[in-house]
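Contents: one structure, followed by commentary.
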């Protein structure tokens, strides 16, 4: 089951460029995300394909390349758990006037943390729109990422930039915070997503100030805060008294690499079902599911990258199929490359 299918169709290069530059850290980018992806291109029959002019064929192939370039979001058990837990906290916080509970999503890179929290944001946004159809009057979700070596002012600016509020060099912290709180309160922001939270260290003065700023926002904005980051359980975010306070108020949802089993097989089948290739034998990737698990080290991000990259190569080379050799040729992240072990026995199983 997919929340958003891997899809994409663009009629002009300018639109493709605009899509490539979408950012979830702006209100416009977030609303484009919640509107969903465009319809996928239709896979033409051999007869239709032969009738295309060279220019039309190039456009058709470009549409398919863009289709495979899009990240597939699959409703894995981890995504579903994050959405359910987040929705529960939003409801529990509905009438709270202080000490609202939050959610921390933690795990290794490539295990789907950002996908999980953005799907939680999507679910919250769509529910809010169903209850309050006038979108312009409400901003149900705010999404930011924590920059490396962030300062308190940088964090406040990230909030302001999402909302489209001007931040000038002479603007002081109080002015920025008050403007953000005012807009979030007026527009009924109910969920604040803070990604890359592992960049906050409580053992440095600057990091502690960032933590205090986030805490102040959480006290002033009547919303549920969700943090996502790498290995938060052992990170410096939870160090010291400030870290203990976060640990005492935030529920932790950990993510890990997928074990080889039914859910992994379903992931492979779902991703294979999104391929738009003219000579790809259906089910051939499913037969490689154990090899793919070893190749990606159980990481959904590496699996998606390998399959989408091989599909793009298949279109560019004209082979029109994803094979084991094609996937082997796709360089993965260093972690997946160094932990993948040679399979014993048959190469495909």
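In full-length UniProt numbering, the protein residues as written are 1 to 349. The beta carbon of each residue, even a glycine, is placed where N, CA and C say it ideally should be.
As summarised for the region 198-244, the continuous beta strand (DSSP E) elements at least 3 residues long and confined to that stretch are 224-230, given in chain order. Between the alpha carbons of residue 51 and residue 119 lies a gap of roughly 41 Å.
Setting aside the 5 residues that flank it on each side, residue 214 is surrounded in the same chain by 155, 194, 200, 225, each with a C-beta closer than 8 Å to its C-beta; the list follows chain order. Annotated three-state conformation of residue 248 is helix, per DSSP. With contacts defined by Cβ atoms closer than 9 Å, residue 160 and residue 179 form a contacting pair.
A direct Cα-to-Cα measurement between residue 129 and residue 324 gives close to 44 Å. Annotation: the region 140-169 contains the following complete segments of the alpha helix (DSSP H) (minimum length 4 residues), in chain order: 152-163.
For residue 105, there is no enclosing alpha helix (DSSP H); the enclosing beta strand (DSSP E) covers residues 102-107. Spatial neighbours of residue 198 in its own chain (CB-CB distance under 6 Å, excluding positions within 5 residues in sequence) are listed in chain order as 229, 230, 235.
Residue 310 and residue 327 have their C-alpha atoms spaced approximately 5 Å apart. In its chain, beyond the 5 residues on either side, 25, 26, 27, 142, 143, 144 have a beta carbon closer than 7 Å to the beta carbon of residue 162. In the three-state scheme derived from DSSP, where H, G and I count as helix and E and B as strand, residue 42 is classed as coil. Three or more Cβ pairs closer than 8 Å define a contact, and the region 293-311 meets that threshold against the region 258-278. Pairwise C-beta distances place the region 74-90 in contact with the region 109-117, as three or more of them are shorter than 8 Å. When C-alpha distances from residue 217 are compared across 99, 313, 109, the shortest belongs to 99. Segment contact: the region 250-264 against the region 124-138, fewer than three CB-CB distances shorter than 8 Å; contact not assigned. For secondary structure counted as the alpha helix (DSSP H) over 4 or more consecutive residues, the region 45-84 holds these complete runs in sequence order: 46-50, 54-69.
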